[in-house]
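*Asks:* Mind having a look at this structure? Questions to follow.
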Amino acid sequence: MSAAGPGDPAPPRGGKAAARARALASRVAEARRGDRAREGGRDATPAVGHPGGPASWRRADGEGVALHQRGWGDSRWSYLFKGDSRYARAEAPPDGFVEAANERGRGGDVPPIVQGPMMKAPVWTWEVPLYFFFGGMAAGASFVALACDLAGDERSARVARKVALGALVPSPPLLIMDLGRPERFYNMLRIFKPRSPMSAGAWCLTLFGNLSAASVAADVLGRPRAAKAIGGANALVGGYLGSYTGVLLAATAVPVWARSRLLLGPIFVATATLAGASATRLVLVAGGMPEGHPTREALGRVERSAMCAELVLSAVNEHRLGRLGDVLEEGRPGRIYRTAKWLARAGLILRLARRRGGPWTHHLASGCYLGAALCFRFAWVGAGPASARDDEAVARMARGRGTVGEPDPGTPVVVVQHR
Amino acid sequence: MSTHAAPGEISVRRPGPGRMGFFTDTTVCIGCKACEVACKQWNDLPADGSEFRRGGSYDHTASLGAATWRHVRFVELLAPSDIQKQEAAAALARGAGGQLPHIPAAALADAGGGVTEEEIPDLVDLAASDGGETGPHPPQVDVAAAVADMDRWVFMSDVCKHCTNAGCMDACPTGALIRTEFETVVLQPDVCNGCGYCVPSCPFGVVDRDHVDGRAAKCTLCYDRLEDGLEPACAKACPTDSIQFGPYDELVDVARRRVAALHDKGLEGAYLYGAGDREGEQLAGGLGAFFLLTEPPERFGLPAQADSPIQENVVPATVAALGAGVLAAVGVAAAFLAPKGRDRGVAVAAVAGLSIVPDAVRTLRRRRAR
Chain A
80 MSAAGPGDPA
90 PPRGGKAAAR
100 ARALASRVAE
110 ARRGDRAREG
120 GRDATPAVGH
130 PGGPASWRRA
140 DGEGVALHQR
150 GWGDSRWSYL
160 FKGDSRYARA
170 EAPPDGFVEA
180 ANERGRGGDV
190 PPIVQGPMMK
200 APVWTWEVPL
210 YFFFGGMAAG
220 ASFVALACDL
230 AGDERSARVA
240 RKVALGALVP
250 SPPLLIMDLG
260 RPERFYNMLR
270 IFKPRSPMSA
280 GAWCLTLFGN
290 LSAASVAADV
300 LGRPRAAKAI
310 GGANALVGGY
320 LGSYTGVLLA
330 ATAVPVWARS
340 RLLLGPIFVA
350 TATLAGASAT
360 RLVLVAGGMP
370 EGHPTREALG
380 RVERSAMCAE
390 LVLSAVNEHR
400 LGRLGDVLEE
410 GRPGRIYRTA
420 KWLARAGLIL
430 RLARRRGGPW
440 THHLASGCYL
450 GAALCFRFAW
460 VGAGPASARD
470 DEAVARMARG
480 RGTVGEPDPG
490 TPVVVVQHR
Chain B
289 MSTHAAPGEI
299 SVRRPGPGRM
309 GFFTDTTVCI
319 GCKACEVACK
329 QWNDLPADGS
339 EFRRGGSYDH
349 TASLGAATWR
359 HVRFVELLAP
369 SDIQKQEAAA
379 ALARGAGGQL
389 PHIPAAALAD
399 AGGGVTEEEI
409 PDLVDLAASD
419 GGETGPHPPQ
429 VDVAAAVADM
439 DRWVFMSDVC
449 KHCTNAGCMD
459 ACPTGALIRT
469 EFETVVLQPD
479 VCNGCGYCVP
489 SCPFGVVDRD
499 HVDGRAAKCT
509 LCYDRLEDGL
519 EPACAKACPT
529 DSIQFGPYDE
539 LVDVARRRVA
549 ALHDKGLEGA
559 YLYGAGDREG
569 EQLAGGLGAF
579 FLLTEPPERF
589 GLPAQADSPI
599 QENVVPATVA
609 ALGAGVLAAV
619 GVAAAFLAPK
629 GRDRGVAVAA
639 VAGLSIVPDA
649 VRTLRRRRAR
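Just so you know, the sequences run in chain order A and B.
Each residue of the first sequence is one higher than the one before, counting from 80 in the working numbering.
Each residue of the second sequence is one higher than the one before, counting from 289 in the working numbering.
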């Protein structure tokens with residue numbers, strides 16, 4: 080099948096040539112998609128029209144189609160709807176009758192057999208955790224810039240603002256790459272929808288990017304007060320940029336994410352802060368900041384405290400998750416999670432060896448923290464699909480039989496999947 | 289016009305039609321899959337990997353997905369045999385999470401005379417033996433036993449639930465998912481950019497992103513047909529009226545009377561999934577497409593309780609996260625402004641060391657469970 084077919088209707092905006100170019104580009108994209116579909120063993124040829132184009136569909140105005148009865152009358156031919164039939168009782172059952180039946184049907188413990196799949200696994204790939212890493216680093220660096228300004232170290236503040244912008248730059252491309260239709264990325268800013276963390280996050284990322292660029296521009300143009308003010312506002316926006324990713328995951332039906340809802344945001348903030356602090360510290364050191372400089376020491380304290388906070392919060396969260404936290408210990412996400420924890424511990428313990436090992440042990444520790452932050456991101460995003468595919472976990476969460484403190488009779492559950 | 293749509297929702301509002309929905313009665317479903325075929329034909333959906341006797345089941349189409357908007361789920365062998373229970377317990381002890389991917393499957397038969405594929409009546413054999421009664425070959429299958437086994441089959445035509453509190457619609461950042469004037473939830477394919485956030489936000493596992501097309505897709509309750517006064521294709525095709533379409537309130541009334549009639553006949557496990565619940569116990573605020581079931585919902589891959597995950601979680605999660613964000617910014621500033629010079633290397637190393645303890649305890653407990 081070729082991409083030939085009835086021409087695309089010209090969009091109202093833009094010139095004729097531009098419209099033609101757009102139509103051609105869309106056809107080329109659709110033809111490529113069609114090729115991919117056939118390679119995958121699936122014929123996506125539409126019955127009418129051409130792929131991606133409008134079908135030859137026409138509203139049945141006026142008299143309607145054959146055998147059509149007005150107002151969905153064709154759905155009410157059946158005897159089932161009429162008074163007394165062998166199908167349904169003539170009069171409605173007493174109040175509370177169906178309610179009680181429903182309660183018996185849906186109440187109690189998880190039944191002995193769960194026949195999956197219970198839910199769909201998230202479709203996100205490696206771009207999303209990598210974005211979480213960079214976005215968090217940008218947010219953490221914006222905190223550092225604000226703190227440097229408050230402490231009066233303007234030179235370091237300028238560097239921190241540049242780190243924030245540098246970490247932010249790869250974020251939009253990563254997010255666009257993960258879309259199913261990357262060419263439509265601008266639809267993310269089509270509406271502002273506060274109830275959707277992804278919409279709020281897209282706007283937050285846009286705002287942060289603009290503020291970040293503006294503050295760096297003010298630095299370059301030699302306007303320190305403007306840079307300070309914009310940088311302060313950016314740290315406020317950064318408070319959401321570093322934390323909304325946790326909300327985004329927690330606001331899904333995936334058991335391991337949803338049941339971490341109170342701690343996932345704080346855990347992600349800790350990751351963001353330590354990534355921002357470690358990156359800024361390494362950049363400052365590379366820029367020749369001497370040992371014993373108060374900013375260098377303070378950044379060391381920040382990254383260590385954030386790492387400790389992350390370890391403690393993770394331990395509390397794992398305890399609260401109970402059975403639902405198994406996905407953080409098993410398989411590939413479990414291995415990455417363990418790696419993250421050991422990198423974190425290694426970094427913290429290197430602190431003891433600093434007096435003998437000199438500054439390089441600290442640089443190594445910062446590297447460990449960055450690696451831990453990256454691994455934590457990949458582990459958390461990777462645990463989602465594993466948890467969604469764990470039909471028993473999904474069934475348990477719905478019945479309130481999963482996390483610590485919820486009743487659990489402990490009877491084995493058989494999972495059936497006709498895969 | 290009464291509306292269940294929340295005021296903040298993006299919805300088509302126009303006077304006239306009220307809420308329309310589906311009532312799917314599993315007690316009269318015969319598993320013919322005519323609804324699946326009708327849906328695919330009307331909506332021009334591609335075939336996606338049907339496989340004969342998938343995992344030992346007669347359900348040869350897998351599950352709801354981006355190209356399967358109606359799916360007839362087959363529930364075979366309603367109770368696990370003792371062998372199956374033992375196998376599951378052993379799998380749990382091994383740490384496999386009780387996952388037995390192929391029940392019934394030949395693998396279990398190898399594991400010591402468990403359930404074999406032959407325990408499900410093979411309709412091909414059955415048909416051959418029936419034809420053979422007059423021929424030279426005697427029938428090889430005990431027809432009476434096979435028919436008795438068929439009693440233990442239940443079919444359920446699954447579909448998008450068109451929730452009152454729709455998780456997918458709450459999640460959608462582009463506004464591609466909207467509520468229509470029929471109070472159904474429809475995905476606009478010309479707006480969707482395939483971000484995939486609706487996929488884990490649906491507690492019923494309905495909407496999915498198509499790996500070829502790149503966009504998410506799901507049942508529209510035949511929005512195009514409804515606008516022309518036609519009932520949806522699946523309801524039109526259903527030969528037993530297991531799928532009934534109509535004004536929501538009328539459907540709930542019929543369903544309630546149907547439950548009463550089934551209880552009269554002795555089927556006291558019959559209940560409604562998604563309608564007729566007490567206030568506060570509803571599934572996702574009440575389902576526009578609801579079901580009459582006779583087995584626990586998990587047998588049909590349905591959660592026993594569900595709501596829009598965003599409406600459940602987003603406020604507490606955001607409060608906790610924003611609080612942590614502010615705390616982190618203040619903490620960083622405090623680290624810069626605090627009196628310097630005190631080395632807390634030992635304390636830091638202690639946290640690192642102590643964080644090993646809960647992990648070690650959990651690992652030991654698992655080893656012991658094995």
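Where is the CB? At the ideal position from N, CA and C, for every residue including glycine.
Computed from a prediction, not measured in an experiment: that's the story for all the values here.
#1: Starting from the Cα of residue 350/A, find the closest Cα among 400/A, 151/A, 419/A, 227/A and give me that residue.
#2: Could one say the Cβ of residue 455/B lies closer than 8 Å to chain A's Cβ atoms, at least one of them?
#3: Find the nearest neighbour of residue 342/A within the set 329/A, 468/A, 281/A, 353/A, judged by alpha-carbon distance.
#4: If the cut is a Cβ gap below 8 Å, which residues of chain A does residue 593/B touch?
#5: Determine the contact status of residue 363/A and residue 445/A, defining contact as a CB-CB distance below 8 Å.
#6: Is it true that the CB of residue 480/B sits closer than 8 Å to the CB of residue 462/B?
#7: Give a yes or no on whether the C-beta atoms belonging to residue 358/A and residue 247/A are separated by under 8 Å.
#8: In whole angstroms, give me the CA-to-CA distance for residue 408/B and residue 585/B.
#9: Excluding the 5 residues preceding and the 5 following residue 498/B in the sequence, name in chain order all residues of the same chain whose CB lies nearer than 7 Å to its CB.
#10: Give me the residue from 536/B, 610/B, 612/B with the minimum Cα distance to residue 451/B.
#11: If I follow the unbroken beta strand (DSSP E) through residue 559/B, where does it start and stop?
#12: Using a Cβ-Cβ cutoff of 9 Å, what residues of the segment 458-476 of chain B are near chain A? List them in chain order.
#13: Going along the segment 573-590 of chain B in order, which residues come within less than 9 Å of chain A, judged by CB to CB distance?
#14: List the whole-angstrom C-beta distance separating residue 549/B from residue 167/A, where the pair is believed to meet the contact cut-off of C-beta under 8 Å.
#15: The alpha helix (DSSP H) that contains residue 221/A, what's its start and end?
#16: Using the Cβ count rule (16 or more neighbours within 10 Å means buried), how would you classify residue 648/B?
#17: Compare the C-beta of residue 625/B against all C-beta atoms of chain A and say whether one is closer than 8 Å.
#18: Does the beta carbon of residue 612/B sit closer than 8 Å to a beta carbon anywhere in chain A?
#19: Give the list of continuous alpha helix (DSSP H) stretches no shorter than 4 residues that lie fully inside the segment 484-543 of chain B.
#20: Rounding to the nearest angstrom, what Cα-Cα distance links residue 452/A and residue 354/A in this structure?
#21: Short of 7 Å Cβ to Cβ, which residues in the segment 186-205 of chain A face chain B?
#22: Could one say the Cβ of residue 509/B lies closer than 8 Å to chain E's Cβ atoms, at least one of them?
#23: Expressed to the nearest angstrom, what Euclidean distance is found between the alpha-carbon atoms of residue 623/B and residue 302/B?
#24: Does the Cβ-Cβ distance between residue 604/B and residue 477/A come in under 8 Å?
#25: Considering only the beta carbon of each residue, do residue 230/B and residue 598/B sit closer than 8 Å?
#26: If the cut is a Cβ gap below 9 Å, which residues of chain B does residue 153/A touch?
#27: Take residue 326/A and list the residues in its own chain whose beta-carbon comes closer than 6 Å to its own, dropping the five residues that flank it on each side.
#28: Got a sec: is the Cβ-Cβ distance from residue 555/B to anything in chain A below 8 Å?
#29: Closer than 8 Å by beta-carbon distance: list the chain A residues that pair up with residue 548/B, in chain order.
#30: Quick one: which chain A residues come within Cβ less than 8 Å of residue 240/B?
#31: Quick check on the DSSP output: the beta strand (DSSP E) that includes residue 577/B runs from which residue to which?
#32: For residue 297/A and residue 303/A, what's the separation of their Cα atoms in angstroms?
#33: Determine the chain B residues that contact residue 485/A at a beta-carbon separation under 9 Å, and present them in chain order.
#34: Following the continuous beta strand (DSSP E) through residue 606/B, name the residue where it begins and the one where it ends.
#35: Taking the DSSP output, what are the residues bridged to residue 356/B?
#36: Suppose you measure from the CA of residue 447/A to the CA of residue 594/B; what does that come to, to the nearest Å?
*Replies:* Walking through what the data contain:
#1: Sequence index remark: in the first sequence, residue 350/A carries index 271 (1-based). The option with the nearest alpha carbon to residue 350/A is 419/A.
#2: Residue mapping note: residue 455/B aligns to position 167 of the second sequence, counting from 1. Interface residue, yes.
#3: For this step, residue 342/A is matched to residue 263 along the first sequence. For the residues 329/A, 468/A, 281/A, 353/A, the minimum Cα distance to residue 342/A belongs to 329/A.
#4: Residue 593/B sits at position 305 when you count from the first residue of the second sequence. The answer, in chain order, is 185, 477, 478, 479.
#5: The residue labelled residue 363/A in the question sits at position 284 within the first sequence. The residue labelled residue 445/A in the question sits at position 366 within the first sequence. Contact: no.
#6: Locating residue 462/B in the second sequence gives position 174, counting from the first residue. Locating residue 480/B in the second sequence gives position 192, counting from the first residue. For residue 462/B and residue 480/B, yes; Cβs fall inside 8 Å.
#7: Counted from its first residue, the first sequence places residue 358/A at position 279. Counted from its first residue, the first sequence places residue 247/A at position 168. For residue 358/A and residue 247/A, no; Cβs fall outside 8 Å.
#8: Here the question's residue 408/B lines up with position 120 in the second sequence. Here the question's residue 585/B lines up with position 297 in the second sequence. Model confidence at residue 408/B stands at a pLDDT of 49, short of 50, so the residue's coordinates are unreliable; what they give is reported in the following sentence. In a straight line, the C-alpha of residue 408/B is about 22 Å away from that of residue 585/B.
#9: By one-based count along the second sequence, residue 498/B stands at place 210. So the qualifying residues of the chain are 354, 355, 505.
#10: Taking the second sequence and counting its residues from 1, one reaches residue 451/B at position 163. Per the Cα distances, 536/B.
#11: Start at 1 with the first residue of the second sequence, and residue 559/B comes out as number 271. Looking at the DSSP string, the run of the beta strand (DSSP E) that includes residue 559/B is 559-561.
#12: 458, 459, 460, 461, 462, 463, 464
#13: 581, 582, 583, 584, 585, 586, 587, 588, 589, 590
#14: Mapped onto the second sequence, residue 549/B falls at position 261. Mapped onto the first sequence, residue 167/A falls at position 88. Yes, residue 549/B and residue 167/A are in contact; Cβ-Cβ is about 5 Å, under 8 Å.
#15: Taking the first sequence and counting its residues from 1, one reaches residue 221/A at position 142. Residue 221/A -> alpha helix (DSSP H) spans 206-230.
#16: Here residue 648/B corresponds to residue number 360 of the second sequence, with the count starting at 1. Flag for residue 648/B reads exposed.
#17: Here the question's residue 625/B lines up with position 337 in the second sequence. For residue 625/B, the answer is yes, since a Cβ of chain A falls inside 8 Å of its Cβ.
#18: Position 324 of the second sequence, counting from 1, holds the residue named residue 612/B. With 8 Å as the cut-off, residue 612/B counts as an interface residue toward chain A.
#19: 486-489, 511-515, 521-525
#20: The residue labelled residue 452/A in the question sits at position 373 within the first sequence. The residue labelled residue 354/A in the question sits at position 275 within the first sequence. Those two C-alpha atoms are separated by around 6 Å.
#21: 189, 190, 191, 192, 193, 194, 195, 196, 197, 198, 199, 201, 202, 203
#22: The chain inventory of the structure shown lacks chain E, comprising the protein chains A and B.
#23: Translated into the one-based positions of the second sequence, residue 623/B becomes position 335. Translated into the one-based positions of the second sequence, residue 302/B becomes position 14. If you take the alpha carbons of residue 623/B and residue 302/B, they lie about 58 Å apart.
#24: As a position in the second sequence, residue 604/B is number 316, starting the count at 1. As a position in the first sequence, residue 477/A is number 398, starting the count at 1. No.
#25: Here chain B covers residues 289 to 658 and nothing more, so residue 230/B does not appear.
#26: Here residue 153/A corresponds to residue number 74 of the first sequence, with the count starting at 1. Result: 517, 518, 519, 524.
#27: In the first sequence, counting from the first residue as 1, residue 326/A sits at position 247. Here the set comprises 276, 344.
#28: The residue given as residue 555/B occupies position 267 in the second sequence. By this cut-off, residue 555/B is not an interface position.
#29: Mapped onto the second sequence, residue 548/B falls at position 260. 167, 168, 171, 172, 176, 177, listed in chain order.
#30: Residue 240/B cannot be examined here, being either before or after the span of chain B that is shown, 289 to 658.
#31: Translated into the one-based positions of the second sequence, residue 577/B becomes position 289. Unbroken beta strand (DSSP E) run through residue 577/B: 577-581.
#32: Stepping through the first sequence from its first residue, residue 297/A is reached at position 218. Stepping through the first sequence from its first residue, residue 303/A is reached at position 224. C-alpha separation (whole angstroms): 7 Å.
#33: Reading the first sequence from its first residue, position 406 is the one you call residue 485/A. In chain order: nothing, as chain B lies at least about 12 Å away.
#34: Looking up residue 606/B in the second sequence gives position 318. Note, residue 606/B: premise wrong, no beta strand (DSSP E); alpha helix (DSSP H) at 597-625.
#35: Counting from 1 along the second sequence, the entry for residue 356/B is found at position 68. Residue 356/B is bridged to 353/B.
#36: Numbered from 1 along the first sequence, position 368 holds the residue referred to as residue 447/A. Numbered from 1 along the second sequence, position 306 holds the residue referred to as residue 594/B. Rounded to whole angstroms, residue 447/A to residue 594/B spans 41 Å at the Cα level.
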